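Scroll down for the structure; my scribbles are underneath it.
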Amino acid sequence: MRDAESVLVRPLLPVPGWMRGHGGQPEAFCHRAMLDAIGHLVDNGIKWRALPADFPPWDRVCAFFRRWRDHGLVREFHDRLCGQVRERAGRDVLPTAGVIDSQSVKASLFAGRTRAETVEATRWRY
Numbered sequence: 000m001r002d003a004e005s006v007l008v009r010p011l012l013p014v015p016g017w018m019r020g021h022g023g024q025p026e027a028f029c030h031r032a033m034l035d036a037i038g039h040l041v042d043n044g045i046k047w048r049a050l051p052a053d054f055p056p057w058d059r060v061c062a063f064f065r066r067w068r069d070h071g072l073v074r075e076f077h078d079r080l081c082g083q084v085r086e087r088a089g090r091d092v093l094p095t096a097g098v099i100d101s102q103s104v105k106a107s108l109f110a111g112r113t114r115a116e117t118v119e120a121t122r123w124r125y
């Protein structure tokens, strides 16, 4: 993650409990290192255990990701970043319309059928 990206992402990350006065131990790895590891994982399509040694241990990265996911932080993180991107593009934060391709809808009606079944289903009947 570049420094400019880190500046945008930092306010979206949760504040650790020990920094809010809830007690507990400081976390062993910074959130930026965790996000870098998760980004590498997603970008390269590798398994957790295949994370290179220059990232935090895979089990710690996996535990962070699962904790964030289970508390809804991954979804919130995604939605807030998408909202920022839409705002910068001059659009509403939430999309107001959707597009459905008629060919996709038509294709889904016949998915899994053989050619003969498709021809029979689309034949005009008088």
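For the record, in the sequence shown the residue sitting at position 112 is 111 according to numbering that gives the first Met the number 0, with numbers rising by one throughout. We treat Cβ as the ideally placed atom computed from N, Cα and C, and that holds for glycine. The structure displayed is predicted, hence computed values, not measured ones.
Same chain, Cβ closer than 8 Å to D2, five either side skipped, listed in chain order:
none
Which residues in the same chain as W67 place their Cβ atom closer than 8 Å to its Cβ, once the five residues preceding and following it in sequence are excluded?
P13, V73 and F76
How far does the alpha helix (DSSP H) with L80 in it extend, from its first residue to its last?
L72 to R87
So V60 is in the alpha helix (DSSP H); what residue range does that whole segment cover?
W57 to D69
Nearest CA to the CA of P51: which residue from P15, D35 and G16?
D35
In terms of residue numbering, what span does the alpha helix (DSSP H) encompassing A3 cover?
D2 to V8
Measuring only the C-alpha atoms, how far is R79 from F54?
26 Å
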